Amino acid sequence: MSLMGILDRLSDVATFDKAIEPARRAVRDGLPQGVKDLLHGTWLGHPLHPVLVQVPVGSWVSAGLLDAVPRLRPAATVLIGTGVAAAVPAALSGAADWSEQEVGVRRLGAVHALANTVALGLYVGSLVARGRGRDGLGRVLAYAGLGVAGGSAAVGGHMSYAQSSGASHAVTAARALSTDWLDLGPLDDLPEGRPALRPGKGASVDVPLAVVRRGTRVDVMVGACSHLSGPLYEGSVEQVRGSDCLVCPWHGSAFDLDNGAPRRGPAANPQEKLEVRMEAGRVMARLPGRHE
Ligand code: FES
């Protein structure tokens, strides 16, 4: 079985759910919403975890190279310390994201977190050994940490690229949409102030769209939430942080109706928004930027 097959199998193992779920609930329910949004990267419009992990990964890989050259070893120690310090915010942002993922990703995420904790412990041990003049042991522990962190990065990559955690599910859904103007029916058929489901013509299948009417104004977003494809057309319109937002019914992410920007997480990616025009009392919409 391939490594990827093993990781997929691990996602199906429910044995440790009894330990994983309380930890997940503690993160999800224990952190204030503002802190979670900071950690998700909602304010940035991009997941924060992959940005933050650059520092420990880059520091530790560089330290591994410097440790191979005797006169550069003091610099390696500095980089290991930098990586240890930077691992803390990276772990916090990863934990916040993990707490709002689907169950298979949560199981693999627990493996990722466990491996990262072991790697961090090895690097802390390396710093302690170096501080006590046991440089040889310090290098052994650091290289062991690098190996474990590398394996953990492969697990994290599988979660991102094979399981689509952190990816924008709205962008994926939007790819199937026709590039033509889409007729979404009469304005008068739309309810006031709450989303309605309208089919968006796709190349092979229809793509659900969430259509919100407020007076004569109509906003149209792709109906699959950028976080995990939740049905935005079953959500609600609410004021969030001073903006009128479409709120996802699954995990409460809020997207600004003006521009699709996330105003509340767990979503960090924006929501795909269509441009709209009226034609003889009918709502016409299309994705911008795909028609040149
Ligand atoms: S699917 Fe999670 S907030 Fe929409």
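In terms of the numbering used here, the numbers along the sequence shown are unbroken and rise by one, the last being 769.
C-beta: ideal position from N, C-alpha, C; glycine also.
For clarity, every value in this text was computed on a predicted model and none was experimentally measured.
I want to check one thing, is the minimum distance from the CB of H526 to the heavy atoms of ligand 1 below 7 Å?
For the purposes of this step, residue 526 is taken as residue 49 along the sequence shown, with counting starting at 1. Every heavy atom of ligand 1 is 7 Å or more from the Cβ of H526, so no.
At which residues does the beta strand (DSSP E) containing M636 begin and terminate?
Looking up residue 636 in the sequence shown gives position 159. Per DSSP, M636 belongs to no beta strand (DSSP E) and is neither H nor E.
Rounded distance between the beta-carbons of R740 and Q720, thought under 8 Å:
Translated into positions along the sequence shown, residue 720 becomes position 243. Translated into positions along the sequence shown, residue 740 becomes position 263. Contrary to the premise, residue 720 reads as Ser rather than Gln in this sequence. With a Cβ gap of about 5 Å, S720 and R740 count as contacting.
Would you mind sorting V512 into buried or exposed? The rule is 16 or more other CB atoms within 10 Å of its CB.
The residue given as residue 512 occupies position 35 in the sequence shown. The residue in question, V512, is exposed, as its Cβ has fewer than 16 Cβ neighbours within 10 Å.
Residue closest to P708, alpha-carbon to alpha-carbon, out of V699, V682 and Q716
On the sequence shown, residue 708 is found 231 positions in, with the first residue counted as 1. Considering only alpha carbons, the answer is V699.
Quick one: residues with CB closer than 5 Å to any heavy atom of ligand 1, in chain order, please.
Cβ atoms closer than 5 Å to ligand 1 belong to C702, H704, L705, G707, C725, W727, H728 and S730.
Find the nearest neighbour of D665 within the set V695, G677 and T649, judged by alpha-carbon distance.
Numbered from its first residue, the sequence shown carries residue 665 at position 188. Ranking V695, G677 and T649 by Cα distance to D665 puts V695 first.
Rounded to whole angstroms, what's the CA-CA distance from G634 to S642? Just pull it up for me.
Locating residue 634 in the sequence shown gives position 157, where the first residue counts as 1. Locating residue 642 in the sequence shown gives position 165, where the first residue counts as 1. Between G634 and S642, the C-alpha separation is close to 10 Å.
Per the contact definition of three or more C-beta pairs closer than 8 Å, is the segment 544-561 in contact with the segment 577-586?
Between the segment 577-586 and the segment 544-561 there are fewer than three C-beta pairs closer than 8 Å, too few to call the two in contact.
Between which two residues does the beta strand (DSSP E) harbouring E752 extend?
As a position in the sequence shown, residue 752 is number 275, starting the count at 1. Per DSSP, the unbroken beta strand (DSSP E) holding E752 starts and ends at K750 to E756.
Continuous beta strand (DSSP E) stretch holding Q716: start and end
Within the sequence shown, residue 716 is the residue found at index 239, counting from 1. Start and end: S713 to V717.
Taking 8 Å as the threshold, find out whether the segment 599-619 comes into contact with the segment 531-544 through three or more Cβ pairs.
Yes: at least three Cβ pairs fall under 8 Å.
Along the chain, where does the beta strand (DSSP E) that runs through D696 open and close?
The sequence position of residue 696 within the sequence shown is 219, counting from 1. Looking at the DSSP string, the run of the beta strand (DSSP E) that includes D696 is R694 to V699.
With DSSP as the reference, label D657 as helix, strand or coil.
Position 180 of the sequence shown, counted from the start, is the residue given in the question as residue 657. The answer is coil: DSSP assigns D657 none of H, G, I, E or B.
What's the call for E749, buried or exposed, on a 16-neighbour Cβ count within 10 Å?
Along the sequence shown, one-based indexing puts residue 749 at 272. The residue is buried, with at least 16 neighbouring Cβ atoms inside 10 Å.
Taking the CB atoms as reference points, tell me whether V688 and L661 lie closer together than 8 Å.
Stepping through the sequence shown from its first residue, residue 688 is reached at position 211. Stepping through the sequence shown from its first residue, residue 661 is reached at position 184. For V688 and L661, yes; Cβs fall inside 8 Å.
Confirm, please, whether the CB-CB distance from A757 to P747 is below 8 Å.
To locate residue 747, count along the sequence shown from 1; it is residue 270. To locate residue 757, count along the sequence shown from 1; it is residue 280. Cβ distance not < 8 Å, so P747 and A757 don't count as in contact.
Bridge partners of P663, per DSSP?
Looking up residue 663 in the sequence shown gives position 186. In DSSP, P663 forms a bridge with R759.
Rounded C-alpha distance that separates R609 from L618
Sequence index remark: in the sequence shown, residue 609 carries index 132 (1-based). Sequence index remark: in the sequence shown, residue 618 carries index 141 (1-based). If I take the Cα positions, the gap works out to 14 Å.
Sort out for me which residues DSSP pairs A673 with in a bridge.
By 1-based counting over the sequence shown, the position of residue 673 is 196. Beta-bridge pairing links A673 to V688.
Give the single residue among A639, A500, Q716 and M761 whose Cα lies nearest to the Cα of D485.
Residue 485 sits at position 8 when you count from the first residue of the sequence shown. Selected option, being the one with the closest Cα: A639.
Could you tell me the alpha carbon to alpha carbon distance between P663 and C702, rounded to whole angstroms?
Numbered from 1 along the sequence shown, position 186 holds the residue referred to as residue 663. Numbered from 1 along the sequence shown, position 225 holds the residue referred to as residue 702. When rounded, the distance between both Cα atoms is 25 Å.
Do Y710 and P743 have their C-beta atoms within less than 8 Å of each other?
Working through the sequence shown from its first residue, we reach residue 710 at position 233. Working through the sequence shown from its first residue, we reach residue 743 at position 266. No, the pair does not count as a contact, with Cβ atoms beyond the cut-off.
Sufficient close CB pairs (3 or more, under 8 Å) joining the segment 540-549 to the segment 508-527:
no
Which same chain residues end up closer than 8 Å to L585 when comparing Cβ atoms and leaving out the 5 residues on each side of it in sequence?
For the purposes of this step, residue 585 is identified with residue 108 of the sequence shown, where counting begins at 1. Same-chain partners within the cutoff: L484, L487, S488, V632, H635, M636 and Q640.
Going by DSSP, which residues form a beta bridge with P708?
Taking the first residue of the sequence shown as position 1, residue 708 is located at position 231. According to DSSP, P708 bridges with A701.
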